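Below is one structure, written out as structure tokens; the observations come after it.
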Amino acid sequence: MSGDIITLKLPAKPEYVMVARLTSAAIASRFDFDVDQIEDVKMSVAEALILIIKQAASPKELSVQFRFEHENMHIDIIGEGDWEQNPISPHDTDQTQLSRYILGSMMDGVEFKTDNGLMRAICMHKGCGGAN
Amino acid sequence: MGVREKFNPETETWYVSLDGEIDIYNAPELKEKLHKLIEQHPGNFVLNCENLSYIDSTGLGVLISVLRRVKEYDGKMTITDLKPYIRKIFVITGLDKIFIVEVQEA
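Protein chains in written order, with our numbering: chain A, -17 to 114; chain B, 4 to 109.
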């Protein structure tokens, strides 16, 4: 499966977060992740989607891309379309901070990509070479 | 998501059980329901999570808002029977320090 790319496109609406979450669990289960690591991936995908959806005043579409390279699962979550800006407040809300704690703890690496104060993408990865 | 509630007037305590998954889609509904309970009978709040299988940051945000409201009325909020994985989320986010948390045995 190394090198394979799986892309999921969803309307940026709360009702579809569960679809991405369950799909991510199914994909993670194809790799050598243990049960807890699969839960971590599932939770992280949902939190990344929440972070992007929550700041979008006029949500369009989300792209979730999974790929597996060198025993690492890479997940890129990208906001697509011309959203109206609802930038992250300098004083992050409690919940945004919770999402960031969860992502930072459950994934091996997380990169937030912003454009004019608007979070456009979250790129993260997790290795399956042992419990994390 | 399912919510079952019962109020004990002697101890002025709400006993609420959460079932299933709490996510960004149904968290607003949960918030409205729990806040209505507190307005109906301000007091303590015991949240049984034995059958709670998933909660995301929006769900945690709801619990924080309930805790704030309970504290406004000088009540206590306890979360019981968390599954180990969900307790891990409470630990990661530091919420195990602000709630009284009891864990479900594996």
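Glycine included, each C-beta is placed from N, C-alpha and C at the ideal position.
These figures come from a predicted structure and were not determined experimentally.
In the structure shown, the three-state DSSP call for G64/B is helix.
In the structure shown, A(-6)/A falls within a coil segment according to DSSP collapsed to helix, strand and coil. Cβ proximity to chain B below 7 Å picks out P(-4), E(-3), V(-1), M0 from the region -9 to 2 of chain A. For R12/A, no alpha helix (DSSP H) run applies, since DSSP gives it neither H nor E. Membership of S87/A in the alpha helix (DSSP H) is indicated by the continuous run 76 to 88. Taking 9 Å as the cut-off, the beta carbon of K9/B is found closer than this to the beta carbon of V19/B. Going by C-alpha positions, M4/B is about 13 Å away from D59/B.
The beta-carbon distance between L85/A and M106/A, rounded to whole angstroms, is 7 Å. This is short enough to meet the 8 Å contact definition. At a cut-off of 9 Å, the C-beta of D18/A has a neighbouring C-beta in chain B. Three or more beta-carbon pairs separated by less than 8 Å link the region 89 to 108 of chain B to the region 51 to 65 of chain B, which places the two stretches in contact. For the region 74 to 103 of chain A, the residues whose beta carbon sits under 7 Å from a beta carbon of chain B are, in order, D76, Q77, L80, S81, Y83, I84, S87. Just measuring C-alpha positions, the residue of D22/B, D26/B, N47/B, E53/B sitting nearest E13/B is N47/B. The beta carbons of S26/A and M(-17)/A sit no closer together than 9 Å.
In the structure shown, M101/A adopts extended strand secondary structure according to DSSP, grouped into three states. In the DSSP annotation of this structure, the continuous segment of the beta strand (DSSP E) that includes L50/B starts and ends at 47 to 58. Interface with chain B (9 Å Cβ-Cβ cutoff): M(-17)/A is excluded. Taking 8 Å as the upper bound on Cβ-Cβ separation, chain A lies near residues E24, D26, I27, Y28 of the region 15 to 43 of chain B.
Counting C-beta pairs closer than 8 Å gives three or more between the region 29 to 38 of chain A and the region -11 to -3 of chain A, which meets the contact rule. In the structure shown, Q19/A adopts helical secondary structure according to DSSP, grouped into three states.
By the C-beta criterion, the region 93 to 102 of chain A is judged not to be in contact with the region 22 to 39 of chain B, since fewer than 3 inter-stretch pairs fall below 8 Å. Per DSSP, the beta-bridge partners of L21/B are V6/B.
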